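Undergrad:
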Amino acid sequence: MEKTLAKKSFPQWVKALDSWTVYVPRKDDEGRWDFVRADGQETALDISQTTLPPKKILFPQREVFLEFRKTQAGNLETTEIKEVLPEVHPTVVIGARPCEARAAWLLDKVFGGEFQDIYYWKRREPTTLVGLACTPPPSDNCFCPSVEGSPHSEEGLDVLLTDLGDRYYVKSMTAKGEALISAAPKLFSEPSAEDQKRVKAAHAESEKQIKRQVKDARGISEKLKGMFDSPFWDEEAMSCLRCGICTYLCPSCHCFDINDEIETSSPLRGQRVRTWDTCQFPDFTMHSSGHNPRPDKASRLRQRLLHKFQYFVQVYGQIMCVGCGRCITLCPVGIDIIKVLDKVRQDGD
Amino acid sequence: MAKIDELKEEARKVLRDGTVKYIIGYGNGTNGWPAAPIFVKKPEDVDRFIWDPTCVHNLVRFLIDEKRRKARQKQPDKRPVGIFVKGCDSRAIVVLLQEKFIERSDVYILGVSCEKAGVVDAAKLSKKLAGKMPKRVELDDQNRFVVTTESGKIEAAADELLAERCRECPANFPVIYDVLSGEKVKRTPDKPYGSLEKIESLSAEERWTFWKAQLDKCIRCYACRSACPMCYCDECVVDSINLAVTADTTADEKAQRIRWVQRSAESSENFVYHLVRAMHLAGRCIDCGECERVCPLDIPLRFLNKKLEKEAKELFGYDVGFDASLPALISCFRDEDPQDFIR
Numbered sequence: 271m272e273k274t275l276a277k278k279s280f281p282q283w284v285k286a287l288d289s290w291t292v293y294v295p296r297k298d299d300e301g302r303w304d305f306v307r308a309d310g311q312e313t314a315l316d317i318s319q320t321t322l323p324p325k326k327i328l329f330p331q332r333e334v335f336l337e338f339r340k341t342q343a344g345n346l347e348t349t350e351i352k353e354v355l356p357e358v359h360p361t362v363v364i365g366a367r368p369c370e371a372r373a374a375w376l377l378d379k380v381f382g383g384e385f386q387d388i389y390y391w392k393r394r395e396p397t398t399l400v401g402l403a404c405t406p407p408p409s410d411n412c413f414c415p416s417v418e419g420s421p422h423s424e425e426g427l428d429v430l431l432t433d434l435g436d437r438y439y440v441k442s443m444t445a446k447g448e449a450l451i452s453a454a455p456k457l458f459s460e461p462s463a464e465d466q467k468r469v470k471a472a473h474a475e476s477e478k479q480i481k482r483q484v485k486d487a488r489g490i491s492e493k494l495k496g497m498f499d500s501p502f503w504d505e506e507a508m509s510c511l512r513c514g515i516c517t518y519l520c521p522s523c524h525c526f527d528i529n530d531e532i533e534t535s536s537p538l539r540g541q542r543v544r545t546w547d548t549c550q551f552p553d554f555t556m557h558s559s560g561h562n563p564r565p566d567k568a569s570r571l572r573q574r575l576l577h578k579f580q581y582f583v584q585v586y587g588q589i590m591c592v593g594c595g596r597c598i599t600l601c602p603v604g605i606d607i608i609k610v611l612d613k614v615r616q617d618g619d
Numbered sequence: 124m125a126k127i128d129e130l131k132e133e134a135r136k137v138l139r140d141g142t143v144k145y146i147i148g149y150g151n152g153t154n155g156w157p158a159a160p161i162f163v164k165k166p167e168d169v170d171r172f173i174w175d176p177t178c179v180h181n182l183v184r185f186l187i188d189e190k191r192r193k194a195r196q197k198q199p200d201k202r203p204v205g206i207f208v209k210g211c212d213s214r215a216i217v218v219l220l221q222e223k224f225i226e227r228s229d230v231y232i233l234g235v236s237c238e239k240a241g242v243v244d245a246a247k248l249s250k251k252l253a254g255k256m257p258k259r260v261e262l263d264d265q266n267r268f269v270v271t272t273e274s275g276k277i278e279a280a281a282d283e284l285l286a287e288r289c290r291e292c293p294a295n296f297p298v299i300y301d302v303l304s305g306e307k308v309k310r311t312p313d314k315p316y317g318s319l320e321k322i323e324s325l326s327a328e329e330r331w332t333f334w335k336a337q338l339d340k341c342i343r344c345y346a347c348r349s350a351c352p353m354c355y356c357d358e359c360v361v362d363s364i365n366l367a368v369t370a371d372t373t374a375d376e377k378a379q380r381i382r383w384v385q386r387s388a389e390s391s392e393n394f395v396y397h398l399v400r401a402m403h404l405a406g407r408c409i410d411c412g413e414c415e416r417v418c419p420l421d422i423p424l425r426f427l428n429k430k431l432e433k434e435a436k437e438l439f440g441y442d443v444g445f446d447a448s449l450p451a452l453i454s455c456f457r458d459e460d461p462q463d464f465i466r
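Printed below as a string of structure tokens:
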């Protein structure tokens, strides 16, 4: 379904979605963008890249799996375990970037397939992703076309909005997306032939505006297979601080840890929780014996790169980087994934 | 702004002589920030070194890595490592020497004075550029910042973009060095703790509301800990596993290990993490501002550390990082130390 929506009607549309929990990007006083609950203050979508991608809505940093408690009555000790499943109200994320939706499409592969991750799907299924085509790209470090995405890619999205100046071109790809339009059908108009022409032109132009590029990502993927033991990683990781920025803020990184968090120990009461984890931390893949197969920062940087560009390609056939550029923009020491990949392409052996 | 030509000459010499293993300095950054840490091993690569107001990073952090690397090697190369330092960074070296974490012979210090200015504040600059990326930042003869972006040049008064810590810096030249570039310009800031005034004027409830909102943003990426030259513990209290686990540690021992801080990024746990870190930095933090700079969520961590620096000064007359021969604040006792907390 293809429609147009006048920008001045955008706030009314958001208001009309009162059967959904709506998230929109919002700038705070310090100029930092984040996806927050819509509160009726929305005007229109702006050019923005949120610090945290909308991954946090589908795969929150903390997820409770179960609650446990021990009770004692006389000599009888009993343990109660209660499964906790997320109960998620239908949700819409408006203004997700095509790369972020593509990341969700990749996460669907990880949490779907042979082993369905019920916690993920309890959130994913009721969530509708409304993307905003990147005209222009929100960051100088965007490089989605290099990793098989595009600034107007539809993968993972239910609706794609394209900014046409005074209105949005609205393309709905799924029934979930159409439900959003049906919530306020009067706000939408049929697109003219001119609109269709303009949306095509805007998309073509958006690709030209991407400034950065990884050449031959698939070739690099092949090359990486022979680089596990290369001293290259030691060199590249020299300046790495081992913080979690590149992975925690990545739309497609999805490693997690599971811990029992104890509230009180007598009587024993607590929760089993899943939290984000990252290959950059010293305890990542630490074995029970105390041995860690990834003992230093070089092997951790290598893990990040190989997971995205080699292992994921081997398992799922896709590159697990969507080219949003956050890890470049926000790295405290200027480690640049594009430059690292370029070195692999040029000198890797 | 100091020139570093003489330092480069010196760097070339010590690399050629083999007096140092390698030199940690600043080179051209990437599309995030103009300067980035680089590690130079060959004399011919010395020309990669740059010096400009975006050389914000405290490179002393990398001396911790170097120590760890040496500890893993069977026959470590014991030659010193060369390192470029600003005033604040040099004081981090002093603290590491006081705490005997490193020896003076481990480092060859190439000091650069910030002279009248200092470094730019990344947050202020990004606000000023409204999303555009700086390609280059220079300080002109009138002490004004000239910022080059893809769409042209922008000028700004030093005060507008200078990092807050530079405006409150007690000595913006290296206090310890082997070679020095630039003049030792002594500057007495009007308000050495000026940035604390606003938060100190708040009531306890208002401060709680402020910190709760700030620390609730924390995603515990630990960038603040990772960038800090003083956070060198082999085992950090917040890591979810005890790194002292060995092959002989029983399952019971592992299950019953004390977890001071849970992994969940929730209010209570975030408070514990940040307050533990702040307390561990009391009398040690040299106010390089790295924790605040690297925070992706813009949590004003410097307030915590600056407040404790002020306490150390007011209660004990202690200035952090000026004299490597003094014992560290928390490991010494003097008769005149205040005792009124003992009841």
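Heads up: the protein sequence lines correspond to chains A and B, in order. Under the numbering used here, residues 271 to 619 are what the first sequence spells out, in order. Under the numbering used here, residues 124 to 466 are what the second sequence spells out, in order. Beta carbons: idealized from backbone N, C-alpha and C, even for Gly. Here the structure is a predicted model, which is why all the values come from computation and not from measurement.
(1) At the level of alpha carbons, what is the spacing between I422 of chain B and A343 of chain A?
(2) Who are the neighbours of E531 of chain A on chain B, taking C-beta pairs under 7 Å?
(3) Span of the beta strand (DSSP E) holding R307 of chain A?
(4) Under 8 Å between C-beta atoms, does R288 of chain B make it to chain A?
(5) Leaving out five residues on either side along the sequence, give the residues of the same chain with a beta carbon under 6 Å from the beta carbon of S491 of chain A.
(6) Taking the DSSP output, what are the residues bridged to E278 of chain B?
(7) What does the alpha-carbon distance come out to for the pair V363 of chain A and A373 of chain A?
(8) Starting from A286 of chain A, trace the alpha helix (DSSP H) both ways and give me its first and last residue.
(9) Within 10 angstroms of its Cβ, does S289 of chain A collect 16 or more other Cβ (buried), or is it exposed?
(10) Under 8 Å by Cβ, that's how I've got L431 of chain A and E424 of chain A pegged, so tell me the actual separation to the nearest angstrom.
(11) Is the shortest distance between the beta-carbon of F162 of chain B and the beta-carbons of chain A less than 8 Å?
(12) Please classify V585 of chain A as buried or exposed, where buried requires at least 16 other C-beta atoms within 10 Å of its C-beta.
(13) Report the rounded CA-to-CA distance for P552 of chain A versus S559 of chain A, giving the unit in angstroms.
(14) Counting only the same chain and skipping the five closest in sequence on each side, list residues whose C-beta sits under 8 Å from that of D282 of chain B.
(15) Got a sec: which bits of the segment 136-157 of chain B sit with their beta carbon under 7 Å from any beta carbon on chain A, in order along the chain?
(16) Can we say the segment 498-509 of chain A touches the segment 562-578 of chain A, given the rule of at least three CB pairs closer than 8 Å?
(17) Straight-line CA distance for E167 of chain B to E132 of chain B?
(18) Interface residues of chain A around A350 of chain B at Cβ under 9 Å?
(19) Taking Cβ to Cβ, would you say N154 of chain B is nearer than 8 Å to I589 of chain A?
(20) Could you pull out every residue in the same chain whose Cβ sits closer than 7 Å to the Cβ of S420 of chain A, ignoring the five residues on either side in sequence?
(21) Kindly say whether C455 of chain B, judged by its beta-carbon, lies nearer than 8 Å to any beta-carbon of chain A.
(22) In the DSSP assignment, find the unbroken alpha helix (DSSP H) run with G406 of chain B in it and report its ends.
(23) If the cut is a Cβ gap below 7 Å, which residues of chain B does D410 of chain A touch?
(24) Sorted by chain position, which residues of the same chain lie with C-beta nearer than 7 Å to A371 of chain A's C-beta, five sequence neighbours on each side aside?
(25) Leaving aside the five residues before and after I351 of chain A along the sequence, list all residues of the same chain whose C-beta is less than 8 Å from its C-beta, in chain order.
(26) Looking only at DSSP bridge pairs, what is F162 of chain B linked to?
(27) What does Q331 of chain A touch in chain B if you count any residue whose Cβ is under 9 Å from its own?
(28) Of all the residues that make up the segment 202-218 of chain B, which are near chain A by a beta-carbon distance shorter than 7 Å?
(29) Taking only beta-carbon atoms, is V302 of chain B less than 8 Å away from chain A?
(30) Got a sec? Which residues, its chain only, sit under 8 Å from F458 of chain A by beta carbon, not counting five neighbours each side?
TA: In short:
(1) Translated into the one-based positions of the second sequence, residue 422 of chain B becomes position 299. Translated into the one-based positions of the first sequence, residue 343 of chain A becomes position 73. Each residue's Cα considered, the two are about 47 Å apart.
(2) By one-based count along the first sequence, residue 531 of chain A stands at place 261. Q385 and S387, listed in chain order.
(3) Reading the first sequence from its first residue, position 37 is the one you call residue 307 of chain A. R307 of chain A -> beta strand (DSSP E) spans W303 to R307.
(4) Residue mapping note: residue 288 of chain B aligns to position 165 of the second sequence, counting from 1. Answer no: the Cβ-Cβ gap between R288 of chain B and chain A never drops below 8 Å.
(5) Start at 1 with the first residue of the first sequence, and residue 491 of chain A comes out as number 221. Apart from sequence neighbours up to five positions away, the residues of its chain that approach S491 of chain A with a beta-carbon distance below 6 Å are F579, Q580 and V583, ordered along the chain.
(6) Residue 278 of chain B sits at position 155 when you count from the first residue of the second sequence. Note: E278 of chain B sits in a beta bridge opposite B:V269.
(7) Taking the first residue of the first sequence as position 1, residue 363 of chain A is located at position 93. Taking the first residue of the first sequence as position 1, residue 373 of chain A is located at position 103. Cα to Cα, V363 of chain A sits roughly 14 Å from A373 of chain A.
(8) For the purposes of this step, residue 286 of chain A is taken as residue 16 along the first sequence, with counting starting at 1. Its alpha helix (DSSP H) spans residues F280 to A286.
(9) Position 19 of the first sequence holds residue 289 of chain A. S289 of chain A comes out exposed.
(10) Working through the first sequence from its first residue, we reach residue 431 of chain A at position 161. Working through the first sequence from its first residue, we reach residue 424 of chain A at position 154. Their Cβ separation, rounded to whole angstroms, is 11 Å, which puts L431 of chain A and E424 of chain A out of contact at 8 Å.
(11) For the purposes of this step, residue 162 of chain B is identified with residue 39 of the second sequence, where counting begins at 1. Yes, contact with chain A.
(12) Here residue 585 of chain A refers to the residue found at position 315 when the first sequence is read from its first residue. Exposed, since its Cβ has fewer than 16 Cβ neighbours within 10 Å.
(13) The residue you call residue 552 of chain A lines up with position 282 of the first sequence. The residue you call residue 559 of chain A lines up with position 289 of the first sequence. If you draw a straight line from the Cα of P552 of chain A to the Cα of S559 of chain A, it comes to about 14 Å.
(14) Within the second sequence, numbered from 1, the residue matching residue 282 of chain B stands at position 159. So the list reads R290, once near-sequence residues are dropped.
(15) Per Cβ criterion, the list reads G152, T153, N154, G155 and W156.
(16) The segment 498-509 of chain A, when compared against the segment 562-578 of chain A, does touch it at the 8 Å Cβ threshold.
(17) The sequence position of residue 167 of chain B within the second sequence is 44, counting from 1. The sequence position of residue 132 of chain B within the second sequence is 9, counting from 1. Distance from the CA atom of E167 of chain B to the CA atom of E132 of chain B, rounded to whole angstroms, is 11 Å.
(18) What you label residue 350 of chain B is simply residue 227 of the second sequence in a count that begins at 1. Against A350 of chain B, the close residues of chain A are L511, C513, P602 and V603, in the order they occur along the chain (beta-carbon pairs closer than 9 Å).
(19) Along the second sequence, one-based indexing puts residue 154 of chain B at 31. Along the first sequence, one-based indexing puts residue 589 of chain A at 319. No. Outside cutoff.
(20) For this step, residue 420 of chain A is matched to residue 150 along the first sequence. Scanning its chain for C-beta atoms nearer than 7 Å, with the 5 sequence neighbours on each side dropped, one finds around S420 of chain A the residues P368, C414 and E477, in chain order.
(21) The sequence position of residue 455 of chain B within the second sequence is 332, counting from 1. False, the Cβ-Cβ gap to chain A never drops below 8 Å.
(22) Your numbering for residue 406 of chain B matches position 283 in the second sequence. Run containing G406 of chain B: none; DSSP gives neither H nor E here.
(23) As a first step, residue 410 of chain A is located in the first sequence; it is residue number 140 there, counting from the start. For D410 of chain A, the C-beta contacts it makes with chain B under 7 Å involve N154 and M256, in order along the chain.
(24) Your numbering for residue 371 of chain A matches position 101 in the first sequence. Around A371 of chain A: L399, G401, E425, G426 and L427.
(25) Start at 1 with the first residue of the first sequence, and residue 351 of chain A comes out as number 81. Result list for I351 of chain A: L336, E337 and F338, in chain order.
(26) Here residue 162 of chain B is taken as the residue at index 39 of the second sequence, counted from 1. Per DSSP, B:I147.
(27) Within the first sequence, numbered from 1, the residue matching residue 331 of chain A stands at position 61. The contacting residues are I342, R343, S387 and A388.
(28) Residues passing the 7 Å Cβ filter: none.
(29) In the second sequence, residue 302 of chain B corresponds to position 179, counting from 1. Chain A, which has no Cβ nearer than 8 Å to the Cβ of V302 of chain B, makes this no.
(30) Taking the first sequence and counting its residues from 1, one reaches residue 458 of chain A at position 188. Here F458 of chain A has K273, T274, L275, V440 and I451 as same chain residues with Cβ atoms under 8 Å from its own Cβ, once five neighbours each way along the sequence are excluded.
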